[in-house]
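*Asks:* The numbers in the sequence shown follow my numbering, run straight up by one, and end at 439. For every residue, glycine included, the Cβ atom is placed at its ideal position computed from N, Cα and C. All values reported here derive from a predicted model rather than from experimental measurement.
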Amino acid sequence: MTTSDEAPFVRVCELSKHADRSVTVKGWVYHLRAKGKLVFLVLRDGSGLVQCVGVKGEMDDAQFDEIQRLPMESSIEVRGKVRLDARAPGGAEVGISFVTVLQKADADFPIQPKEHGTGFLMENRHLWLRSRKPWACLRIRDRAIRSIREYFHELGFINIDSPIFTPAACEGTSTLFEVDYFDDKAYLTQSGQLYAEAAAMAFGKVFTFGPTFRAEKSKTRRHLTEFWMVEPEVAFATLDDVMSLAEGLLCRVVGDALTDCKEELKVLERDVTKLECIRAPFPRLSYDEAAKYLQSKGLPFEYGNDFGAPDETAIGEKYDRPVMIHRYPHQVKAFYMKRDPQDPRWALCVDVIAPEGYGEVIGGSQREENLAVLRSRIEEHKLPMDAFQWYLDLRRFGSVPHSGFGMGLERCVAWICGVDHLRECIPFPRMLHKIYP
Ligand code: 4AD
Ligand code: MG
């Protein structure tokens, strides 16, 4: 079927602008119901759903019979007239005059309108992407990506891309993916931070945004082996400065989702009142205060340790918005973090804990800018000094105070969507022992 000026090709989300006109819609059969002289075909085109109504006698008889027998997910083009109807999803329906079948699907599409386990759906992720819940989560993810870029660009940041093959660890040696690199070894990046630091000395304010990898033997719903992280890095910024930057980022991403993803949040049955209260200022607690709170609640938490997921949940539950915990014991944090000049037991760092049990969404710090101190930290952490020579150069040629953070995209999106598991917030999740499809 050719589309013509009389029946232009229109996406479903644009149909209400074409009232009483003939159009062509193209998509997949989402649902079919026949009733006497009528057939109701719900077509899915990625931008939305629209009901197309066929009436026997008003279209070709053979076609009327054919479309009733179309298996789910068959690909078709429908020509017909748009009728506005407030009751219809999207506010419009199409009266069918002509249908072209592009491919009649096999009859055994594995995902049926009934309850399936998530394991089964994940095995069929390539097809499950077409369902409503993935549609909603991944559109919210797309909106979040756009908000992140807009936020930083509007603040004058430059996007630089950090490499994926790296010669050394950034976030501890226990979670590195090693790969053969010609006659040598390389690692998939755990974080673009060290490269962002170099770029911050060149451009002032930068962010890197891309896939990062952790060989975490962790099966929790909060861990992926491949996840996306946005990492701003700012020359001359202190820990306090980047805490405010992180606060602004989360407010922006949540606010944009509330404004632009109403339909998606409805599909997910998200309680949006929980998101509407995400406003600055976020509560700020020191590790010391947070740890004492956990102890006062009688939780089995040992002072001096990092917080575990149950600890983060207990702290997060106290507030209706993200909470920023700063100044952890330096022993539980990374080599590059500057220690608090007021009290060197603490690292000048921050973790931002999302509400509703979503845990840490952001980790950041002020960086150690002194050459000799940084060198001794690399030694203490038993990291290969050779691989860090370039990083040490940044402290030899015009070192300045600087700070940054990393936000895990899927952690943030899972929280906005209100879904339990990070795997639903990335198109093709990679997890411990899971790499198909
Ligand atoms: O706290 P992390 O390890 O910090 C860094 O990588 C720093 N280099 C960031 C920086 O300062 N530039 O990771 C940052 C964030 C976490 O808060 C979390 O949201 C996310 O990355 N993250 C994960 N997300 C999914 N799966 C995993 N296995 C993750 N590990 C960290
Ligand atoms: Mg962290």
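Only counting the same chain, and skipping five residues up and downstream in sequence, which positions put a Cβ closer than 8 Å to that of methionine 433?
*Replies:* Working through the sequence shown from its first residue, we reach residue 433 at position 431. If we look at methionine 433 and ignore the five residues flanking it on each side, its Cβ neighbours are Lys221, His225, Leu226, Thr227 and Arg425.
*Asks:* Hey, would you say the C-beta of glutamate 362 is under 7 Å away from at least one heavy atom of the ligand MG?
*Replies:* Here the question's residue 362 lines up with position 360 in the sequence shown. Flag set: Cβ of glutamate 362 near the ligand MG.
*Asks:* Should alanine 36 be counted as a contact of the ligand ATP given a C-beta to heavy atom distance under 7 Å?
*Replies:* Inclusion of the ligand ATP in the displayed structure is not the case, the ligand content consisting of the ligand 4AD and the ligand MG alone.
*Asks:* State yes or no: is the C-beta of aspartate 353 nearer than 7 Å to some heavy atom of the ligand MG?
*Replies:* As a position in the sequence shown, residue 353 is number 351, starting the count at 1. Answer for aspartate 353: yes, Cβ within range of the ligand MG.
*Asks:* Can you tell me the Cα-Cα spacing of serine 288 and histidine 328, whole angstroms?
*Replies:* Numbered from its first residue, the sequence shown carries residue 288 at position 286. Numbered from its first residue, the sequence shown carries residue 328 at position 326. Each residue's alpha carbon lies about 5 Å from the other.
*Asks:* Quick one: grab the DSSP three-state call for methionine 124.
*Replies:* What you label residue 124 is simply residue 122 of the sequence shown in a count that begins at 1. It is helical.
*Asks:* List the residues that DSSP assigns as beta-bridge partners of cysteine 54.
*Replies:* Looking up residue 54 in the sequence shown gives position 52. Beta-bridge pairing links cysteine 54 to Leu43 and Val96.
*Asks:* Using C-beta distances below 6 Å, list every residue in its chain close to aspartate 322, excluding the 5 sequence neighbours before and after it, in chain order.
*Replies:* Your numbering for residue 322 matches position 320 in the sequence shown. So the qualifying residues of the chain are Cys279.
*Asks:* Taking buried to mean at least 16 other C-beta atoms within 10 Å of its own C-beta, is isoleucine 418 buried or exposed?
*Replies:* Here the question's residue 418 lines up with position 416 in the sequence shown. Buried, since its Cβ has 16 or more Cβ neighbours within 10 Å.
*Asks:* So the alpha helix (DSSP H) tyrosine 393 belongs to, where does it begin and stop?
*Replies:* If you number the sequence shown from 1, residue 393 lands on position 391. Its alpha helix (DSSP H) spans residues 391–398.
*Asks:* Check the C-beta distance from lysine 116 over to isoleucine 160 and give it rounded, since I have them as a contact under 8 Å.
*Replies:* Here residue 116 corresponds to residue number 114 of the sequence shown, with the count starting at 1. Here residue 160 corresponds to residue number 158 of the sequence shown, with the count starting at 1. Incorrect: roughly 49 Å between the Cβ atoms, too far for contact.
*Asks:* Would the region 106–114 and the region 73–84 be scored as touching if the rule is three or more Cβ pairs under 8 Å?
*Replies:* Yes, the region 106–114 touches the region 73–84.
*Asks:* For valine 448, write down the residues that DSSP places opposite it in a beta bridge.
*Replies:* The displayed coordinates of the chain run from 3 to 439. Any statement about residue 448 would go beyond what the structure contains.
*Asks:* How about serine 367: is its Cβ closer than 7 Å to a heavy atom in the ligand 4AD?
*Replies:* Looking up residue 367 in the sequence shown gives position 365. Serine 367: yes, Cβ under 7 Å from the ligand 4AD.
*Asks:* Hey, how far is the Cα of glutamate 371 from the Cα of alanine 259?
*Replies:* Counted from its first residue, the sequence shown places residue 371 at position 369. Counted from its first residue, the sequence shown places residue 259 at position 257. About 37 Å.
*Asks:* Are the CB atoms of glutamine 53 and cysteine 42 within a distance shorter than 8 Å?
*Replies:* Here residue 42 refers to the residue found at position 40 when the sequence shown is read from its first residue. Here residue 53 refers to the residue found at position 51 when the sequence shown is read from its first residue. Note on residue identity: the sequence assigns phenylalanine, not cysteine, to residue 42. Yes; because the gap between Cβ atoms is below 8 Å, this pair is in contact.
*Asks:* Would you grab the beta carbon distance between glycine 281 and methionine 326 for me? Rounded to a whole angstrom, and I think it's under 8 Å.
*Replies:* Counted from its first residue, the sequence shown places residue 281 at position 279. Counted from its first residue, the sequence shown places residue 326 at position 324. Sequence inspection shows arginine at residue 281; the glycine mentioned does not correspond to that position. 14 Å between Cβ atoms; not a contact.
*Asks:* Beta carbon of leucine 424: closer than 7 Å to some heavy atom of the ligand 4AD?
*Replies:* Position 422 of the sequence shown, counting from 1, holds the residue named residue 424. Yes; taking the cut-off as 7 Å, the Cβ of leucine 424 has a heavy atom of the ligand 4AD nearer than that.
*Asks:* So what does DSSP say about leucine 287, is it helix, strand or coil?
*Replies:* Translated into positions along the sequence shown, residue 287 becomes position 285. Residue state, collapsed to three classes: strand.
*Asks:* Considering only DSSP beta bridges, list what threonine 210 is partnered with.
*Replies:* Within the sequence shown, residue 210 is the residue found at index 208, counting from 1. Threonine 210 is bridged to Glu233.
*Asks:* Would you list the residues sitting across from glycine 406 in a DSSP beta bridge?
*Replies:* On the sequence shown, position 404 is the one that residue 406 refers to. Glu235 and Ser367, per the DSSP bridge assignment.
*Asks:* Quick check: does the Cβ of cysteine 172 come within less than 7 Å of any heavy atom belonging to the ligand 4AD?
*Replies:* Start at 1 with the first residue of the sequence shown, and residue 172 comes out as number 170. Yes, the beta carbon of cysteine 172 sits closer than 7 Å to at least one heavy atom of the ligand 4AD.
*Asks:* Taking 7 Å as the cut-off, is the beta-carbon of leucine 226 closer than that to any non-hydrogen atom of the ligand 4AD?
*Replies:* Within the sequence shown, the letter at position 224 stands for residue 226. Yes, since a heavy atom of the ligand 4AD falls inside the 7 Å radius drawn around the Cβ of leucine 226.
*Asks:* Identify, in the order they occur along the chain, each residue of the same chain with its Cβ nearer than 7 Å to the Cβ of valine 256, setting aside the five sequence neighbours on each side.
*Replies:* Residue 256 sits at position 254 when you count from the first residue of the sequence shown. Here the set comprises Leu277, Ile280 and Ile418.
*Asks:* Tell me the DSSP bridge mates of leucine 296?
*Replies:* To locate residue 296, count along the sequence shown from 1; it is residue 294. Beta-bridge pairing links leucine 296 to no other residue.
*Asks:* Pull the bridge partners of glutamate 180 from the DSSP assignment, please.
*Replies:* Stepping through the sequence shown from its first residue, residue 180 is reached at position 178. Its beta-bridge partners are Tyr189.
*Asks:* Would you give the residue range spanned by the beta strand (DSSP E) that leucine 86 belongs to?
*Replies:* Sequence index remark: in the sequence shown, residue 86 carries index 84 (1-based). First-last of the beta strand (DSSP E) with leucine 86: 77–86.
*Asks:* Give me, in chain order, the residues of the same chain whose beta-carbon lies closer than 7 Å to that of proline 386; leave out the 5 immediate sequence neighbours on both sides.
*Replies:* The count along the sequence shown starts at 1 and reaches residue 386 at position 384. These residues qualify, in order along the chain: Ala170.
*Asks:* For phenylalanine 215 and serine 193, I'd like the C-alpha separation in whole angstroms.
*Replies:* What you label residue 215 is simply residue 213 of the sequence shown in a count that begins at 1. What you label residue 193 is simply residue 191 of the sequence shown in a count that begins at 1. Approximately 8 Å, taken between the alpha carbons.
*Asks:* Whose CA, out of Glu314, Asp353 and Phe184, lies closest to the CA of serine 246?
*Replies:* For the purposes of this step, residue 246 is identified with residue 244 of the sequence shown, where counting begins at 1. Considering only alpha carbons, the answer is Asp353.
*Asks:* If you compare alpha carbons, which of Arg13, Asp22 and Val57 is closest to tyrosine 36?
*Replies:* Translated into positions along the sequence shown, residue 36 becomes position 34. Sequence check: residue 36 is alanine here, not tyrosine. Checked all of Arg13, Asp22 and Val57; the closest Cα to alanine 36 is Val57.
*Asks:* Flag phenylalanine 179 as yes when its Cβ comes closer than 7 Å to any non-hydrogen atom of the ligand 4AD, and as no otherwise.
*Replies:* The residue given as residue 179 occupies position 177 in the sequence shown. Checking every heavy atom of the ligand 4AD against the Cβ of phenylalanine 179, none is found closer than 7 Å.
*Asks:* Could you tell me whether the Cβ atoms of arginine 397 and leucine 376 are closer together than 8 Å?
*Replies:* Within the sequence shown, the letter at position 395 stands for residue 397. Within the sequence shown, the letter at position 374 stands for residue 376. Against a cut-off of 8 Å, the Cβ pair of leucine 376 and arginine 397 comes out as a contact.
*Asks:* Could you work out which residue in Asp290, Pro331 and Ile380 is closest to serine 367 when comparing CA atoms only?
*Replies:* The residue labelled residue 367 in the question sits at position 365 within the sequence shown. Nearest option by C-alpha distance: Pro331.
*Asks:* Compare the beta carbon distance of arginine 132 and arginine 272 with 8 Å and say whether it is the shorter of the two.
*Replies:* On the sequence shown, residue 132 is found 130 positions in, with the first residue counted as 1. On the sequence shown, residue 272 is found 270 positions in, with the first residue counted as 1. Contact flag unset, no.
*Asks:* Compute the distance between the beta-carbons of threonine 210 and serine 176, then report whether it is under 8 Å.
*Replies:* To locate residue 210, count along the sequence shown from 1; it is residue 208. To locate residue 176, count along the sequence shown from 1; it is residue 174. Their beta carbons are not under 8 Å apart, which means threonine 210 does not touch serine 176 by this criterion.
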